[in-house]
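Encoded as structure tokens, the structure appears first; notes follow it.
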Amino acid sequence: EANALEYSILVAATASDPAPLQFLAPYSGCAMGEYFRDNGMHALIIYDDLSKQAVAYRQMSLLLRRPPGREAFPGDVFYLHSRLLERAAKRSDQTGAGSLTALPVIETQAGDVSAYIPTNVIPITDGQICLETVLFYRGIRPAINVGLSVSRVGSAAQLKAMKQVCGSLKLELAQYREVAAFAQFGSDLDAATQTLLNRGTRLTEVPKQPQYA
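What the sequence shown shows, in full-length UniProt numbering, is residues 1 to 213, in sequence order.
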């Protein structure tokens with residue numbers, strides 16, 4: 001509707017493509033983004049998803065008989081993603097003031113963010129938005145896990161009032177999710193717990209966006 005394809009470039013390496021092409025596709029897209037950045041423009045690159053690239057790299061490494069490490073990935077898989085994501089940067093005013101912003105997507109297995117690839121990518125980025133299938137099926141859309149989602153630069157960019165509201169909101173939602181998990185096993189709840197559950201139920205309705213329902 002917004003004619004986004006008129007100013008977008010799509011670099012695709014599907015599951016039917018050879019592993020080397022899946023491995024090289026993100027680097028090809030990044031090189032194109034760097035061209036716009038170096039010419040004083042602002043570019044956004046979305047890697048969907050880097051976990052598939054890591055699997056392709058693992059296939060290549062095993063075929064080359066390189067020593068496997070955790071989850072059979074080679075030892076330099078962290079460098080694989082760090083050298084790619086660190087290329088997203090803002091240039092100085094003297095060199096054109098262009099920028100390249102990277103949004104990497106990582107697919108987790110059963111929502112396990114402690115797996116090897118997610119824990120490799122998370123420290124490279126400035127934050128993460130964690131989505132949960134359970135929340136999606138409960139009608140909470142976008143299905144963002146507020147407790148696991150973190151912005152390491154958000155506090156520096158937010159207004160003071162928003163920072164205060166977000167801090168208390170995240171704490172209350174975290175308490176609500178913890179209490180709600182145990183409340184389903186018992187019916188005798190004290191007044192404070194019931195108040196927390198009622199408030200948490202209302203707070204979960206606030207972030208819902210009707211266009212995704």
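Here a beta-carbon is modelled for each residue, glycine too, at the ideal position from N, C-alpha and C.
Nearest-angstrom Cα separation, counted from residue j out to residue i
i: residue 191; j: residue 204; result: 20 Å
i: residue 33; j: residue 4; result: 16 Å
i: residue 2; j: residue 170; result: 34 Å
i: residue 104; j: residue 184; result: 36 Å
i: residue 157; j: residue 18; result: 42 Å
i: residue 176; j: residue 120; result: 29 Å
i: residue 193; j: residue 111; result: 28 Å
i: residue 160; j: residue 94; result: 32 Å
i: residue 164; j: residue 155; result: 10 Å
i: residue 145; j: residue 135; result: 8 Å
i: residue 117; j: residue 143; result: 21 Å
i: residue 188; j: residue 150; result: 34 Å
i: residue 45; j: residue 100; result: 7 Å
i: residue 206; j: residue 182; result: 23 Å
i: residue 77; j: residue 24; result: 14 Å
i: residue 138; j: residue 92; result: 45 Å
i: residue 162; j: residue 15; result: 43 Å
i: residue 79; j: residue 198; result: 46 Å
Reference residue i; option with closest CA among the options
i: residue 196; options: 206, 188 and 179; result: 179
i: residue 59; options: 71, 141 and 49; result: 71
i: residue 7; options: 28, 43, 76 and 79; result: 43
i: residue 168; options: 189, 200 and 188; result: 200
i: residue 152; options: 165, 89 and 123; result: 123
i: residue 36; options: 24, 117, 78 and 90; result: 90
i: residue 26; options: 174, 139 and 81; result: 81
i: residue 173; options: 189, 202 and 162; result: 202
i: residue 106; options: 139, 76, 54 and 45; result: 54
i: residue 20; options: 63, 31, 139 and 30; result: 63
i: residue 30; options: 166, 102 and 139; result: 102
Own chain residues within Cβ distance below 7 Å of residue i, not counting five before or after
i: residue 109; result: 115
i: residue 96; result: 38, 39 and 40
i: residue 113; result: 130 and 148
i: residue 141; result: 208, 209, 212 and 213
i: residue 28; result: 11
i: residue 22; result: 13, 52, 53 and 56
Other residues of its chain near residue i: CB distance less than 8 Å, five sequence neighbours each side excluded
i: residue 61; result: 68, 73 and 74
i: residue 133; result: 111 and 143
Cβ neighbours of residue i in the same chain (closer than 6 Å, five flanking residues each side left out)
i: residue 9; result: 32
Every unbroken beta strand (DSSP E) within the segment 93-156, with a cutoff of 3 residues, ordered by chain:
99-105
Any contact between the segment 77-92 and the segment 42-54? By contact I mean 3 or more CB pairs, one from each, below 8 Å.
yes
So, does the segment 120-129 touch the segment 61-69, judging by three or more C-beta pairs under 8 Å?
no
Output the residue ranges of the alpha helix (DSSP H) runs that lie fully inside the segment 33-64 and measure 4 residues or longer, sorted by chain position.
50-63
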